[in-house]
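Q:
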């Protein structure tokens, strides 16, 4: 793009502070920006970088005295910036509409209008794919699956048989949906496999990260609720039920049959034991290990996880611990001295 | 299926309590079951759900007064339920017998009778595949590999050159077997790669989870012992030796050259340092970090991991810690008061 | 190989201690070695295995009295052993030079001399691939990417559009480069996706492990610096900047916009929060969770991570904790006794 600050402000419905005629030709973060780049200040963490930015202009939520460049004041700089990126940024080049000749499509497969099936894609018998679906090369969709409209599956995804995706589901490369649950019973010294004949149901507007794994139910359904977003390398075990609009950050692991409410946030590398219930809007901080159910709006931390405030108090006590031990040693000396002076033989032997 | 409680009891060799004529048409968990569904009670955790179940009948280990539905009493309800699922549940639809025309099979490859090689599968030169093997679409098997009979490899699996799988090995989608170990030596400020020319040997009846990664040995063998089951996203580094009948739960990581005995259980997200020995039947609880070897039947917990009981005592002390600090503060006040009353100047300065 | 100890010593420029005529026919570790195998002693951890080794000869850094076999004394046994493996060990059998007929190559793709494009590989429009590149079967390279010379991509790798790899980059099977970052803004109760239009730049001599995931930047670049080595199942989030010659061990996770200096080591399963700065040569020990920036050469440990020595002192105090509580209880008894004898009513009520 090669436009002026005034052009951008007009497009965003923002107010210009400074020279509106400044030419813009790119976008970048505050610290990386060169003259001619448009940048933005959303996260207050970055305000420290504002005075030194070389950006040609900056999107801000309110006029700032410490901004060396022209400013465009908008209600939500982060949102406005995304809008600009979508409008002026690079567009994805999806596989062409239709079915690539190298794709292998099974019998009785129905594919909706406008769908794009890439090279080397394999689709199993009887699967139904909605309109405008985009499936990138070498992805494998098992038999008897259903995909809603506008689904986007990137390369090398594995969707196993009979699983169901809603509308507008996005799956990043290498993700696996419908793998067998980890269910074995020890019989005569051997781990005998419990058949895993259930499915995975992924509701509308879910996004699933790269190399994330969602196991099919032993029987019944492993469910990912509408609008939930799952990051890379997350593990969701069999019969887990994830509510709507949850955030599962990278490398989270959820053991079998645990149920999450809506708007639950699990930060990175969190582990949840099996058969738990995590209430609506609960939050688990990074690396925590949850072995008990969490009430709605609960915030837990630590491994094993506890109420957030209790966990923080514990961490403070832990930092003091070497000093606390020293204080106890000194108390023992002082009391022994007092006992000696009082001729006491009365100290209980440890 | 559409059969009666009596039919099921006869099939399982179980005893009916209640109306044996009740019709059954599906299967489900106690809480999800609708009238006409057969359910089961195995895990005592679920007994609380029994009185309210809407199931048409329930498999139980012993007759229960609080079951609202007809009961079928069997020795092992979990096992019986699996048997029913296998018999009446949906059957997998594997790729057709033979080699799909789109598969690419190298020179001097031997494929056993009844094998099913799916679309887009690539098999390298000189690889030998046993009878009845099933290989799902787009899986890549390197050259010089051997697979035993009845192996089942799902989609997008990567098995690198010269690795060996025994009989009845199951590999879930996206798993990687035989990737290079992480071995580098710092030479002149550069991490110089140590060649990784060993292999992976996976013995009979092993199952490997989705996106699990098992590195080949630097030289020699990385071994997964017979009957061991590995869950999704597990990392097994080079030259690790895993015994027989172990359970490695999701997201476990094992560093190089560590040896596990037989019947070892590593719970979810456990990490093991390198060059350790974990004894037969040892157990490591979830998220633990093990930096020392563990004796046979040892149970360890925490990061760094300790004996289970010691670790629990530590966790209890940790919960008390803020209160313990307060008790120490009060002791200091009380002893200062005594020292004052005794005219002592003798308190050692901290 | 079937050569003598003298032959090997001559090849390595080493000094023979013992019978130089001993025949060697294989290589193995000290504990696995059979007569005729050449082994080596590099890691002192293994010295305990030396007296009992059955090896036909051993590479050592200095002559040892406790070695039962002929010795070859070399400056760096580990390095010398790698050299032998590279020279005499099995050679990789890469796909043939040229483009396999089943590969699908888009328009305006440029592929360098000597490149090997395997079966089922898909390369998107306008991508440029350097000389002698090796791409294993079923790997997918998006459009507009650039790969330098001598890159090696194993099977089922996913490299998304517009990402750039330098020279000699190695990518293990199943890795994903350029997946969307995990960026969402809650708007009206829905997680609205922030467009992720940046790229990933992987510099020269980087290695990326199996099923590792490196997200593209929201805008700008997610960078992996020259010579950095990334192990399996590592997560690198959007806009992370990793310096040169870092080591990221298996299952590490790095949250968005965090910056690593050069020669940083992150041990297994470490998690880093977002927006941090980790200084040059800093080290984070296994399973640590880092929530604050780390200075150059800093060593941190624990979750939350602290200075290494402080964290160890804390762990010691933690092990003493049950005993410390008991000491406090005894102090309370002893002081109460003293207060009683002094007729004190003066104990402050808790």
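Chains as they are written, first to last, in the numbering used here: chain A, 383 to 732; chain B, 383 to 732; chain C, 383 to 732. For glycine and all other residues, C-beta sits at the position ideal for the given N, C-alpha and C. It should be emphasised that the depicted structure is a prediction, and the values quoted were computed from it without experimental measurement.
Could you give the C-beta distance for residue 462 of chain A and residue 494 of chain A, rounded to a whole number, given that I count them as a contact under 8 Å?
A: On the first chain, position 80 is the one that residue 462 of chain A refers to. On the first chain, position 112 is the one that residue 494 of chain A refers to. At roughly 34 Å, the Cβ-Cβ gap does not stay under 8 Å, so residue 462 of chain A and residue 494 of chain A are not in contact.
Q: Going straight from the alpha carbon of residue 592 of chain B to that of residue 583 of chain A, what length do you get?
A: Reading the second chain from its first residue, position 210 is the one you call residue 592 of chain B. Reading the first chain from its first residue, position 201 is the one you call residue 583 of chain A. Cα to Cα, the separation comes out at about 18 Å.
Q: Whole angstroms are fine: how far does the CA of residue 418 of chain C sit from the CA of residue 439 of chain C?
A: Within the third chain, residue 439 of chain C is the residue found at index 57, counting from 1. Within the third chain, residue 418 of chain C is the residue found at index 36, counting from 1. Distance between the alpha carbons of residue 439 of chain C and residue 418 of chain C: 8 Å.
Q: Any Cβ of chain C within less than 8 Å of the Cβ of residue 633 of chain B?
A: Residue mapping note: residue 633 of chain B aligns to position 251 of the second chain, counting from 1. Yes, contact with chain C.
Q: Could you have a look at residue 503 of chain A and say whether DSSP puts it in helix, strand or coil?
A: Start at 1 with the first residue of the first chain, and residue 503 of chain A comes out as number 121. Note: residue 503 of chain A maps to coil in three-state DSSP.
Q: Rounded to whole angstroms, what's the CA-CA distance from residue 412 of chain A to residue 612 of chain C? Just pull it up for me.
A: Within the first chain, the letter at position 30 stands for residue 412 of chain A. Within the third chain, the letter at position 230 stands for residue 612 of chain C. In a straight line, the C-alpha of residue 412 of chain A is about 28 Å away from that of residue 612 of chain C.
Q: Use the C-beta contact count for residue 498 of chain A: other C-beta atoms within 10 angstroms, 16 or more gives buried, fewer gives exposed.
A: For the purposes of this step, residue 498 of chain A is taken as the residue at position 116 of the first chain. It counts as buried.
Q: Helix, strand or coil for residue 404 of chain B per DSSP?
A: Position 22 of the second chain, counting from 1, holds the residue named residue 404 of chain B. Coil.
Q: Given a limit of 8 Å on CB to CB distance, which residues of the region 691-709 of chain C reach chain B?
A: 697, 700, 701, 703, 704, 706 and 707
Q: Considering only their Cβ atoms, is the gap separating residue 434 of chain A from residue 421 of chain A smaller than 8 Å?
A: On the first chain, position 39 is the one that residue 421 of chain A refers to. On the first chain, position 52 is the one that residue 434 of chain A refers to. Taking 8 Å as the Cβ cut-off, residue 421 of chain A and residue 434 of chain A do not qualify as a contacting pair.
Q: To the nearest angstrom, report how far apart residue 715 of chain A and residue 710 of chain B are at their CA atoms.
A: One-based indexing of the first chain puts residue 715 of chain A at position 333. One-based indexing of the second chain puts residue 710 of chain B at position 328. One C-alpha to the other measures close to 14 Å.
Q: Would DSSP call residue 674 of chain A helix, strand or coil?
A: Residue numbering aside, residue 674 of chain A sits at position 292 when the first chain is read from its first letter. Of the three classes helix, strand and coil, the one that applies to residue 674 of chain A here is coil, per DSSP.
Q: Within the 8 Å Cβ cut-off, does residue 675 of chain B reach chain C?
A: One-based indexing of the second chain puts residue 675 of chain B at position 293. Not one chain C Cβ lies under 8 Å of residue 675 of chain B.
Q: Rounded to whole angstroms, what is the Cα-Cα separation between residue 639 of chain A and residue 622 of chain A?
A: Position 257 of the first chain, counted from the first residue, corresponds to residue 639 of chain A. Position 240 of the first chain, counted from the first residue, corresponds to residue 622 of chain A. Between residue 639 of chain A and residue 622 of chain A, the C-alpha separation is close to 4 Å.
Q: So, is residue 430 of chain B buried or exposed, given that buried needs 16 or more other C-beta atoms within 10 angstroms?
A: As a first step, residue 430 of chain B must be located in the second chain, where it is residue number 48. That one is exposed.
Q: Residues of chain B with CB under 8 Å from residue 593 of chain A, in chain order?
A: Mapped onto the first chain, residue 593 of chain A falls at position 211. Under the 8 Å cutoff, chain B gives 556, 593 and 615.
Q: Listed from N- to C-terminal order along the chain, which residues in the region 480-505 of chain B have their beta-carbon within a distance smaller than 8 Å of any beta-carbon of chain A?
A: 482, 484, 500, 501 and 502
Q: To the nearest angstrom, report how far apart residue 651 of chain A and residue 668 of chain C are at their CA atoms.
A: Within the first chain, the letter at position 269 stands for residue 651 of chain A. Within the third chain, the letter at position 286 stands for residue 668 of chain C. Approximately 13 Å, taken between the alpha carbons.
Q: Can you confirm whether the region 539-552 of chain B touches the region 571-586 of chain B when touching is taken to mean that 3 or more C-beta pairs between the two stretches lie within less than 8 Å?
A: With the cut-off at 8 Å, the region 571-586 of chain B and the region 539-552 of chain B touch.
Q: When DSSP builds the beta bridges, which residues end up paired with residue 573 of chain B?
A: Taking the second chain and counting its residues from 1, the one referred to as residue 573 of chain B is at position 191. Partner(s): B:568.
Q: Which of helix, strand or coil does DSSP assign to residue 460 of chain B?
A: Here residue 460 of chain B corresponds to residue number 78 of the second chain, with the count starting at 1. If DSSP states are grouped into helix, strand and coil, residue 460 of chain B belongs with the helices.
Q: By alpha-carbon positions, which one of C:579, C:589, C:537 and C:614 ends up nearest to residue 604 of chain C?
A: Here residue 604 of chain C is taken as the residue at index 222 of the third chain, counted from 1. Closest by alpha carbon: C:579.
Q: Can you name the start and end residues of the beta strand (DSSP E) that residue 413 of chain C belongs to?
A: In the third chain, residue 413 of chain C corresponds to position 31, counting from 1. Unbroken run through residue 413 of chain C: none, as it is neither H nor E.
Q: With DSSP run on the structure shown, which of helix, strand or coil describes residue 641 of chain C?
A: Residue 641 of chain C sits at position 259 when you count from the first residue of the third chain. Residue 641 of chain C: strand per DSSP, three-state reduction.
Q: Does the region 567-574 of chain B come close enough to the region 595-603 of chain B to have 3 or more Cβ pairs within less than 8 Å?
A: no
Q: Could you name the residues of chain B that residue 474 of chain C contacts, counting a contact when the two beta carbons are closer than 8 Å?
A: Locating residue 474 of chain C in the third chain gives position 92, where the first residue counts as 1. Near residue 474 of chain C (Cβ distances below 8 Å), the residues of chain B are 543.
Q: Would a check of beta-carbon distances place residue 713 of chain C closer than 8 Å to chain A?
A: Stepping through the third chain from its first residue, residue 713 of chain C is reached at position 331. With 8 Å as the cut-off, residue 713 of chain C counts as an interface residue toward chain A.
Q: Decide if residue 479 of chain C is buried, meaning its Cβ has at least 16 other Cβ atoms within 10 Å, or exposed.
A: Translated into the one-based positions of the third chain, residue 479 of chain C becomes position 97. Exposure of residue 479 of chain C is indicated by the presence of fewer than 16 other C-beta atoms within 10 angstroms of its C-beta.
Q: Using C-beta distances below 6 Å, list every residue in its chain close to residue 562 of chain A, excluding the 5 sequence neighbours before and after it, in chain order.
A: What you label residue 562 of chain A is simply residue 180 of the first chain in a count that begins at 1. Answer for residue 562 of chain A: 578, listed in chain order.
Q: Report buried or exposed for residue 571 of chain B, applying the criterion of at least 16 other Cβ atoms within 10 angstroms of its Cβ.
A: Working through the second chain from its first residue, we reach residue 571 of chain B at position 189. Flag for residue 571 of chain B reads exposed.
Q: So, under 8 Å CB-CB, residue 471 of chain B and residue 525 of chain B are touching, yes? Tell me the CB distance rounded to an integer number of Å.
A: Within the second chain, the letter at position 89 stands for residue 471 of chain B. Within the second chain, the letter at position 143 stands for residue 525 of chain B. Contact between residue 471 of chain B and residue 525 of chain B is absent: CB atoms are separated by about 38 Å, not below the 8 Å threshold.
Q: Cβ atoms of residue 491 of chain C and residue 508 of chain C: under 8 Å apart, would you say?
A: On the third chain, position 126 is the one that residue 508 of chain C refers to. On the third chain, position 109 is the one that residue 491 of chain C refers to. Yes, the pair counts as a contact, with Cβ atoms nearer than the cut-off.
Q: Touch check for the region 652-659 of chain B and the region 658-673 of chain A: three-plus C-beta pairs under 8 Å?
A: no
Q: Does the beta carbon of residue 789 of chain B sit closer than 8 Å to a beta carbon anywhere in chain C?
A: There is simply no residue 789 of chain B to check, as chain B begins at 383 and stops at 732 in what is shown.
Q: On the premise that residue 619 of chain A lies in contact with residue 632 of chain A, defined as a C-beta separation below 8 Å, what is that separation, rounded to the nearest angstrom?
A: For the purposes of this step, residue 632 of chain A is identified with residue 250 of the first chain, where counting begins at 1. For the purposes of this step, residue 619 of chain A is identified with residue 237 of the first chain, where counting begins at 1. The Cβ separation is near 17 Å, so there is no contact.
Q: Just by C-beta distance, which residues in the region 456-473 of chain C are closer than 7 Å to chain B?
A: 460, 461, 464, 467, 468, 471 and 472
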